[in-house]
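First the structure, in the form of structure tokens, and then the observations on it.
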Amino acid sequence: MRFSLSLPVLIITLFSASLNFASAHDPSGLMMNQFRINYSAADTKGITWSLTNNTERAYLMQSWMRPVDFSTGLPVPETDNKASTAKIPFLVTPPLKRVDPGEALTLRIRLTELSLPKDRESVFYLSVKGIPAVSGTDSQDSGQLVVAVVNNIKLFYRPEELPEGGVKKAATQLRFSQQGDSLVVDNPTPYYINFSQVTVGGKPLAADVLRKLVPPKGQQRYDLTKGMRGPVEWQVLDEDSRATSAQRQSL
């Protein structure tokens, strides 16, 4: 088998911000070991992240870091010229590697310069693209469709000496207000807030809306649909990607 980007094989790339390649219920596919990456400043030699190829074909895995588009919560599109030239202070190795069936890929992520804020977290995306190998028979079949999937995993860089309690404590310190048709969230903590769920008057905000993070020592606005009134309840994803205890506040 070989990897080919040439016709007649057509390769389509699909992008995902939260969908894993495989799941605990269906481990076939490319199984990730983490859905959130936590990088502590104490990890001076870098950190590792891995996946296992639980398929019957080889994959060419391409890995790189990307900035976050805070207006959507997704990675900044690679067609954005500013994003393509933006300097990201992380190095991912290996950037390109063949992963055979049953083989694990281990990436090393290393901070390359001390330019990030020291009083709050920073966040980026690790993008991992899997391009399946194409056999000689496949390449001769003009109807063959090969799908390359890009999975985007949030990486949170945490400086030393931030307050204890992390995201779980930060979840209890959020303050909500309703301004017109928007729900405004104020975050006085140095941690990024990634909501698991938010309801207003018992009605949930859509999952795609909740992709937007609440920045440290800042605020975020979420559009409300007509008729959403009443107390707000929320849960936040913690450092292990688990939902924190539910919190409630009147608006």
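Following numbering that gives the first Met the number 0, the numbering of the sequence shown begins with 0 at its first residue and continues without gaps.
Ideal placement from N, C-alpha and C gives every residue a C-beta, glycine not left out.
Only a predicted model underlies this, so the values are computations on that prediction, with no experimental measurement involved.
Where residue i falls, given that 16 or more other Cβ within 10 Å makes a residue buried
i	result
Lys211	buried
Pro269	The structure shown does not extend to residue 269, since the chain is modelled only from 0 through 250, so no value can be given for it.
Gly72	buried
Val146	exposed
Ser39	exposed
Thr54	buried
Thr188	buried
Glu120	buried
Leu113	exposed
Beta carbon of residue i nearer than 8 Å to that of residue j
i	j	result
Gln196	Gln248	no
Pro162	Arg56	no
Gln61	Lys128	yes
Ile36	Lys153	yes
Gly179	Arg109	no
Pro74	Thr111	no
Asp185	Leu173	yes
Met227	Val199	yes
Leu250	Val231	yes
Ser181	Leu223	yes
Leu125	Val91	yes
Leu236	Ala242	yes
Pro93	Trp63	no
Which of helix, strand or coil DSSP assigns to residue i
i	result
Arg157	strand
Arg210	helix
Lys216	coil
Lys202	strand
Gly164	coil
Ala147	strand
Ala40	coil
Ser3	For Ser3, the pLDDT reaches just 47, beneath the cut-off of 50, and the residue's location in the model is therefore unreliable, leaving the point undetermined.
Ala132	coil
Ala242	strand
Residue-chain proximity (residue i, chain C), Cβ-Cβ < 8 Å
i	result
Phe34	Here chain C cannot be found, since the structure has a single protein chain.
Taking 8 Å as the threshold, find out whether the segment 99-115 comes into contact with the segment 46-54 through three or more Cβ pairs.
yes
Just list the alpha helix (DSSP H) runs in the segment 63-126, keeping only unbroken ones of 4 residues or longer that don't cross its boundaries, in chain order.
80-84
Three or more C-beta pairs under 8 Å: does that hold for the segment 62-72 against the segment 165-174?
no
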